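Visitor: To start, I am sharing the structure in question, which I have written as structure tokens.
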Amino acid sequence: MRDVCIVGVPSEIVRYLGELKYRTSYGQNVLKHSTEMTHMAGMIAEEIGADVTIAKTAALLHDFGKALSHKISRHHHIGEELAKKYGMADEIAHAIGAHHDDVEATTPEALIVRIVDAVSAARPGARNISAEGFAERMKELENVANSFEGISKSYAISAGREVRIIVRPEAIDDLSAIKLARDISTKIESTMQYPGTIKVSVIREIRAIEFAK
């Protein structure tokens with residue numbers, strides 16, 4: 005972390021940050037990932053006129069919740085809560101908590117952190133996931149969705165960060181679609197391992213088509 009400024013970060017959080025040196029996410033060292041993100045976030049923030057200090061600090065700390073939890077899908081919530089507990093600025097805490105899709109990013113700095121997180125994780129060679137393993141995980145995600153009644157088709161998209169499920173409208177009503185999305189997300193959480201969050205979108209559509217002759 006020689007090139008990364010951590011002035012103003014409480015010592016408790018710095019200690020958690022140091023523990024990330026010994027944590028990996030799908031083969032990618034979490035501390036190196038965070039440091040890489042910090043440099044990118046600073047450059048983007050400067051270019052678009054966002055707050056450079058907030059963007060860089062939030063990028064550096066975005067994954068420090070992983071030092072306290074082995075449940076990868078919850079680390080950003082833990083990080084946000086601890087950032088608030090230790091007196092970090094609300095903008096920094098929000099950017100930490102919003103770097104995955106289940107929390108809406110409402111500031112430019114939060115959007116920057118989300119973007120550079122995706123770039124750092126997706127660049128070639130960053131993670132040691134084979135093409136076969138990646139395809140298998142995408143298929144597994146679709147299979148989880150297809151295991152429920154009333155499903156017409158399902159598609160894992162956005163590198164496995166979202167699954168879109170098309171239901172049969174005669175079998176699933178609007179209220180059932182809401183419940184189905186919740187049930188599928190719960191089953192994904194309990195049966196799969198994955199980085200970040202997975203967005204579950206249930207689509208119910210009725211088309212009425214006539215031809216004027």
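So for the sequence shown, our numbering puts the first residue at 5; every next one is plus one.
Glycine included, each C-beta is placed from N, C-alpha and C at the ideal position.
Quantities reported herein were computed from a predicted structural model and do not represent experimental measurements.
1) When the distance is taken between beta carbons, is Leu65 closer than 7 Å to Ile100?
2) Applying the 10 Å Cβ sphere with the 16-neighbour rule, what's the burial state of Asp177?
3) Mapping DSSP to helix, strand and coil, what is Asn33?
4) Since Lys157 sits in a beta bridge, which residues does DSSP pair it with?
5) Are Ala62 and Ile96 touching if we call contact CB-CB under 7 Å?
6) Give a yes or no on whether the C-beta atoms belonging to Ile170 and Ser156 are separated by under 7 Å.
7) Select from Ala54, Ser73, Glu108, Asn147 the residue whose C-alpha is nearest the C-alpha of Lys195.
8) With three or more beta-carbon pairs closer than 8 Å as the criterion, would you say the segment 39-49 touches the segment 104-121?
9) Between which two residues does the alpha helix (DSSP H) harbouring Val227 extend?
10) Whole angstroms are fine: how far does the CA of Val206 sit from the CA of Arg185?
Guide: By the coordinates alone:
1) Counted from its first residue, the sequence shown places residue 100 at position 96. Counted from its first residue, the sequence shown places residue 65 at position 61. For the 7 Å CB-CB criterion, Ile100 and Leu65 form a contact.
2) Walking along the sequence shown from the start, residue 177 turns up at place 173. By the 10 Å Cβ count, Asp177 comes out exposed.
3) Residue numbering aside, residue 33 sits at position 29 when the sequence shown is read from its first letter. Asn33 carries a strand assignment under DSSP once its states are collapsed to helix, strand and coil.
4) As a working note, residue 157 is residue 153 in the sequence shown. Answer is Ile170.
5) Against the sequence shown, residue 62 aligns to sequence position 58. Against the sequence shown, residue 96 aligns to sequence position 92. In this structure, Ile96 lies closer than 7 Å to Ala62 by Cβ.
6) Numbered from 1 along the sequence shown, position 166 holds the residue referred to as residue 170. Numbered from 1 along the sequence shown, position 152 holds the residue referred to as residue 156. Cβ distance < 7 Å, so Ile170 and Ser156 count as in contact.
7) Translated into the one-based positions of the sequence shown, residue 195 becomes position 191. The question names Lys, but residue 195 in the sequence shown is Thr. The option with the nearest alpha carbon to Thr195 is Asn147.
8) By the C-beta criterion, the segment 39-49 is judged to be in contact with the segment 104-121, since at least 3 inter-stretch pairs fall below 8 Å.
9) Here the chain comprises residues numbered 5 to 217, so residue 227 is not present and cannot be evaluated.
10) Numbered from 1 along the sequence shown, position 181 holds the residue referred to as residue 185. Numbered from 1 along the sequence shown, position 202 holds the residue referred to as residue 206. Note that residue 185 is Ala in the sequence shown, not Arg. The straight-line gap from Cα to Cα measures roughly 6 Å.
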